[in-house]
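Student: Following this message is one structure expressed as structure tokens.
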Amino acid sequence: MVNFSRFTLDNGLRVLVHEDKSTPLVAMNILYDVGSKDEDPGMTGLAHLFEHLMFGGSVNIPEYDIPLQMAGGENNAFTNNDITNYFITIPSGNIETAFWLESDRMLELDFSQKSLDTQKNVVIEEFKQRYLNQPYGDAILLLRPLAYKVHPYRWPTIGMDISHIENTDLEQVKEFFFSHYAPNNAIMTLTGNITYDVAIKLSNKWFGPIEKRKIRYRNLPEEKAQNERRFLETDRDVPVTALYKVWHIGPRNSHDFHTLDLITDLLAGGESGRLYNKLVREKRLFSEINTYITSDIDPGLIILQGKLMRGVKIEKAEEYVNEVIRSLEKINGIVDEMKKVKNKFEASTVFSNTSILNKASNLAFNELLGNPDLINQEVEAYRKVTREMVIEATRRYFVESNCSTLYYKSTHKDKE
Amino acid sequence: MTSLLRIQPPVFPVEKVVIPEAKSIRLRNGVPVYLIEAGTEEIMRIEFTFRAGQIMEHLPLLASTTNMMLSEGSQKYKSEEINRLFDYYGVFFNLSAERDRAGVILYLLNKHVGKVLELSREMIFAPVFPEAELNSLMKKRLRWYLVNREKVQNLASDNFMESVFGKNHPYGHQATEHDFEKMIPGILSDFHTEHYTPDNMAIIVSGKIHEDTAGLLDFYFGDINGKQINVKDSAGLPEGEPIRKVHINKPGTVQSAIRIGSSTINKRHPDYPGLKILDTLLGGFFSSRLMKNIREDKGYTYGISSSVTSLDISGYKVIATEVSKKNCRKTIDEIYREIRLLQTVPVEKVELDIVRNYISGEMIRMFDGPFSLAESFKSTWEFGLDNNYYYRLAEKIKTIEPDEIIELAQTYYNIDKLYEITAGA
């Protein structure tokens, strides 16, 4: 059970506090309600590039990292389609340093051309390292625009193209800041060795004076229902062929979310999942196979990816994948498996909540979804999924007309 | 209203870290057990560790394959059953084979401890190494290997280990495609019989430990008696290859990987805490010299780091990064320039203070929560050291002087003796 208290400052900043006296540390998590989905199609990658700029110094503090390290703190951040999330862990005696640093960069950044130029290079190297210089690294760059035609989920967080990053200028960066970074567009969570009273006092002192800002109105194009199979094939210099399939699902808050989460666990929750047992262990068609749902706030995807064993025909492999998915519609034998994945889900939730950082980011994300207490309700929601719900959802979502398929073919000659 | 005087709040010295001592007991058969009480949740981390890592293998892949096959079938349970039952009880388990040690780590809910220990005993002490599962595993591993050979990071790292420790030493030897065929049940079974024995084993438990835990461990593991085999380390001291600069050509890649470093002292050496501090300053954290220069100033890379690793009969330090091909040479020159600076110019007090405080904060994180505590315990225990190592490190963090940093840099970063490995187009 993660107990928490919640309050909102006059400027709209939402603050959640969870006290855990067993640790000498405090975690501070600040979630900004802005992600790559808020970018213009001609300037993708900006939300993530901006995250890098947040470490280049703020209006009153020339360097962000140094004072934090002086206080024994550690920090990092990530950007995804929906959010930009910053987090710190710090010995509790020095928590005020975290308030000082984070409130100053919410107040205003020290926008410098030098910092922008450097971070553009860093992000371009990141683009290369993660997506271009990795076997299979560009698969996701191919899949997104196949599955999404209008919604901004069609581009990845890193950006659609390196040129978008190269072309970003300081004015665009400033505008991005003032239209998305604001107390009324953020959620702060504090977990660990901190009391509610201290949290209120310091929040008011440091974040209270920051004024509300006008947030750019979010009006995202809605993705129309897909009604025919989509398919792409590509040849790449990789050692083995890979199969990718993605299916559209509803938004994060839809009632099917936990059912679909459970389905992907039945299929691929570890080495006892059906796909692994059937296709890796038994039939030896794949060397690895995995499937999961994205936790996107807007309608997301089920993603399935598998690497084929050498000499296996990809069409045949795909047929077997579909057969394993279809097997979920048969009622026999599924009850024990459902109990297994439910137990595993409960355990992973307990393990995840041993970390103050996980608790902080989960609370913040659940607050954004509209209910921070989801952190305590998730196991129950998952437990409530019935086999009828599994069958119904399998029939509804796992259909070819809702699916985009990518054959990522190896150009290497088969030796076997 | 933003006129508030935003004055930096006072920073308090990070409090002295208090490390809980592990309680040490023995099972009937003499197996040592270390119990570390921590955390608020009803969970435990249990690690079974053996001196059965790479150092004991005479063939590449042998230690890791033996370890990975533990969950692939035992006398009582088939592979699917082991995995299904662990999943059913909500257990997360890691099979791990490192350079010196190998074993199994379990993360479990306390309510299932009995059943989980019974399964673990089967997995660890009664594996049968079935041929079909082994063939399938080796095919998979070969696929992973081939994928990894496409990555410049892996090409450079593998060659680095080979160059530093020698082609024929178990720390350095690298698998080739041919080695995957050599893993047959008999060889694995022999390796298991020799090295997965009670006298070669320790159990490290952390979390919310109940009174009956020790008794349960004794019940499931106290009666196991391995054959008394006198195991000798097969390997002597490692010796580096004579060629110190290697480039691995990998056409078509957009980045090059760089690895620069050499073998070095390990935790048992009195200079080790000082070397750790020097390494942090050079490339061990976000505000390190290398990060500031190569990433934050020049933007050549997404990341650059240096690290020092202790091994039982040696150790190594390595600087690692990936950069665009056109910046590769410039980056290497800058790396050497940063090393030379550390060897000649005393570090400023302000910079040294940042490093001191950063590592002090890290030390608090190293002992926060049951999982970190167990890892920190193991990483001194396996060198025959105890918490005094950490207290010495804490003391060194407080007292190290700029002169000492120069001396350490001169002693341990002799540029002529460093290996320089690159992989890329």
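As you go down the protein sequences, you meet chains B and D in turn. 957 is the number of the first residue of the first sequence in this note's numbering; add one for each residue after it. 422 is the number of the first residue of the second sequence in this note's numbering; add one for each residue after it. Even glycine gets a Cβ: it sits at the ideal position worked out from N, Cα and C. Everything numeric in this text was worked out from a predicted model, so none of it was measured.
1. Spell out the partners DSSP gives TYR1042 of chain B in its beta bridges.
2. With H, G and I counted as helix, E and B as strand and the rest as coil, what does DSSP make of GLU1271 of chain B?
3. So that I know if they touch, is there some Cβ in chain B lying closer than 8 Å to that of GLU539 of chain D?
4. Would you identify the three-state DSSP class for GLY1148 of chain B, choosing helix, strand or coil?
5. What are the start and end residues of each continuous alpha helix (DSSP H) run of 4 or more residues lying completely inside the stretch 527-570 of chain D, in chain order?
6. Comparing C-alpha positions only, which one of B:SER1119, B:LEU1231, B:LEU1176 and B:ALA1103 sits nearest to SER1357 of chain B?
7. Kindly say whether PRO481 of chain D, judged by its beta-carbon, lies nearer than 8 Å to any beta-carbon of chain B.
8. Consider the Cβ of PHE707 of chain D: report whether some Cβ of chain B lies at a distance smaller than 8 Å.
9. Along the alpha helix (DSSP H) that carries LYS817 of chain D, what are the first and last residues, could you check?
10. Shorter than 8 Å from the beta carbon of GLN676 of chain D to some beta carbon of chain C?
11. Please tell me whether GLY968 of chain B has its Cβ less than 8 Å away from any Cβ of chain D.
12. With 16 other CB atoms within 10 Å as the buried threshold, where does GLN831 of chain D fall?
13. Is it the case that the stretch 1072-1080 of chain B contacts the stretch 1269-1288 of chain B, given that we only count it when at least three CB pairs across the two stretches are under 8 Å?
14. Measuring only between beta-carbons, confirm whether VAL435 of chain D sits less than 8 Å from chain B.
15. Does chain B have any CB closer than 8 Å to the CB of LEU491 of chain D?
16. Using 8 Å as the limit for Cβ to Cβ distance, is THR423 of chain D near chain B?
17. Using the C-alpha atoms, what's the distance from LYS697 of chain D back to GLU825 of chain D?
18. Beta-carbon of ASN778 of chain D versus every beta-carbon of chain B: anything under 8 Å?
19. With three or more beta-carbon pairs closer than 8 Å as the criterion, would you say the stretch 1260-1276 of chain B touches the stretch 1196-1204 of chain B?
20. Using the Cβ count rule (16 or more neighbours within 10 Å means buried), how would you classify ASP994 of chain B?
21. Below 8 Å on the Cβ atoms is my contact criterion, and I expect ASN488 of chain D with SER517 of chain D to pass it. Report the Cβ-Cβ distance as a whole number of Å.
22. Compare the C-beta of GLU571 of chain D with all C-beta atoms of chain B and state if any pair is closer than 8 Å.
23. On a Cα-Cα basis, can you pick out the residue from D:THR634, D:VAL626, D:ILE756 and D:GLY636 that is closest to SER793 of chain D?
24. Given SER735 of chain D, which residues of its chain have a CB within under 6 Å of its CB, disregarding the five upstream and five downstream residues?
25. Under 6 Å Cβ to Cβ from LYS1301 of chain B, same chain only, skipping five residues before and after it: list those, please.
26. Alpha carbon to alpha carbon, how far is ASP848 of chain D from LEU529 of chain D?
27. When the Cα atoms are used, what is the spatial distance from ILE476 of chain D to ASN646 of chain D?
28. Spatial neighbours of LYS1371 of chain B within its chain, please: CB distance less than 6 Å, with the 5 preceding and 5 following residues excluded, ordered by chain position.
29. Under the rule that 16 or more other beta-carbon atoms within 10 Å means buried, what is GLU598 of chain D, buried or exposed?
30. Going along the chain, which residues of its own chain have a beta-carbon closer than 8 Å to the beta-carbon of VAL1297 of chain B, five neighbours each way excluded?
31. Using 8 Å as the limit for Cβ to Cβ distance, is LYS751 of chain D near chain B?
32. Ordered along the chain, which non-local residues of its own chain (more than five positions away) have a Cβ less than 7 Å from that of ASN1322 of chain B?
33. Which one of B:PHE1163, B:GLU1344, B:PRO1108 and B:MET1294 has the shortest CA to CA distance from VAL971 of chain B?
34. Could you pull the DSSP bridge partners for ALA1380 of chain B from this structure?
35. Relative to the alpha-carbon of ILE1044 of chain B, which residue among B:TYR1173, B:PRO1165, B:LEU1063 and B:THR1147 has its alpha-carbon at the smallest distance?
36. Short of 9 Å Cβ to Cβ, which residues in the stretch 1299-1312 of chain B face chain D?
Tutor: Walking through what the data contain:
1. TYR1042 of chain B is bridged by DSSP to B:ILE986 and B:ALA1033.
2. GLU1271 of chain B falls in the helix class under three-state DSSP.
3. Cβ-Cβ to chain B under 8 Å: no for GLU539 of chain D.
4. The three-state reading of DSSP puts GLY1148 of chain B in strand, counting E and B together.
5. Entirely contained in the stretch 527-570 of chain D, the alpha helix (DSSP H) runs reaching 4 residues are, in chain order, 534-546 and 552-569.
6. Its Cα nearest to that of SER1357 of chain B, the residue B:ALA1103 stands out among B:SER1119, B:LEU1231, B:LEU1176 and B:ALA1103.
7. Interface flag for PRO481 of chain D against chain B is unset, since no Cβ pair is found closer than 8 Å.
8. For PHE707 of chain D, a Cβ of chain B is located within less than 8 Å of the residue's own Cβ.
9. In the DSSP assignment, LYS817 of chain D falls within the alpha helix (DSSP H) that extends over 809-820.
10. Given the protein chain composition of this structure (B and D), no chain C is represented.
11. For GLY968 of chain B, the closest Cβ of chain D is not nearer than 8 Å.
12. Its Cβ having fewer than 16 others within 10 Å, GLN831 of chain D is exposed.
13. Proximity of the stretch 1269-1288 of chain B to the stretch 1072-1080 of chain B falls short of the contact definition, fewer than three beta-carbon pairs being nearer than 8 Å.
14. So yes, VAL435 of chain D belongs to the interface.
15. So, not an interface residue.
16. Any reading at THR423 of chain D needs caution, since the residue's pLDDT is 47, under 50, leaving its predicted position unreliable; the model's value is listed next. By this cut-off, THR423 of chain D is an interface position.
17. Cα to Cα, GLU825 of chain D sits roughly 13 Å from LYS697 of chain D.
18. For ASN778 of chain D, the answer is yes, since a Cβ of chain B falls inside 8 Å of its Cβ.
19. Yes: the two stretches touch, three or more of their Cβ pairs being nearer than 8 Å.
20. It counts as buried.
21. With a contact defined as Cβ atoms closer than 8 Å, ASN488 of chain D and SER517 of chain D qualify at about 7 Å.
22. Closer than 8 Å: yes.
23. Put simply, of D:THR634, D:VAL626, D:ILE756 and D:GLY636 the residue whose alpha carbon is nearest the alpha carbon of SER793 of chain D is D:VAL626.
24. The residues are PRO659 and SER684.
25. In the sequence on display, residue 1301 of chain B carries Phe and not Lys. Only TYR1338 meet the Cβ criterion.
26. Missing from the structure shown is residue 848 of chain D; chain D here goes from 422 to 846 and no further.
27. C-alpha separation (whole angstroms): 24 Å.
28. Its pLDDT being 49, under 50, LYS1371 of chain B is placed unreliably in this model, and the coordinates cannot settle the point.
29. Around the CB of GLU598 of chain D, fewer than 16 other CB atoms lie within 10 Å, so the residue is classed as exposed.
30. Excluding residues within five positions, the ones whose Cβ falls inside 8 Å are LEU1218, ASP1221, LEU1222 and GLY1225.
31. For LYS751 of chain D, the closest Cβ of chain B is not nearer than 8 Å.
32. In its chain, beyond the 5 residues on either side, PRO1328, LEU1330 and ILE1331 have a beta carbon closer than 7 Å to the beta carbon of ASN1322 of chain B.
33. Among B:PHE1163, B:GLU1344, B:PRO1108 and B:MET1294, the Cα nearest to that of VAL971 of chain B is on B:PHE1163.
34. Absent from the structure is residue 1380 of chain B, since the part of chain B shown begins at 957 and ends at 1372.
35. For the residues B:TYR1173, B:PRO1165, B:LEU1063 and B:THR1147, the minimum Cα distance to ILE1044 of chain B belongs to B:THR1147.
36. For chain D, the residues of the stretch 1299-1312 of chain B that bring a beta carbon within less than 9 Å of one of its beta carbons are ASN1299, LYS1300, PHE1301, GLU1302, ALA1303, SER1304, VAL1306, PHE1307, ASN1309, THR1310, SER1311 and ILE1312, in chain order.
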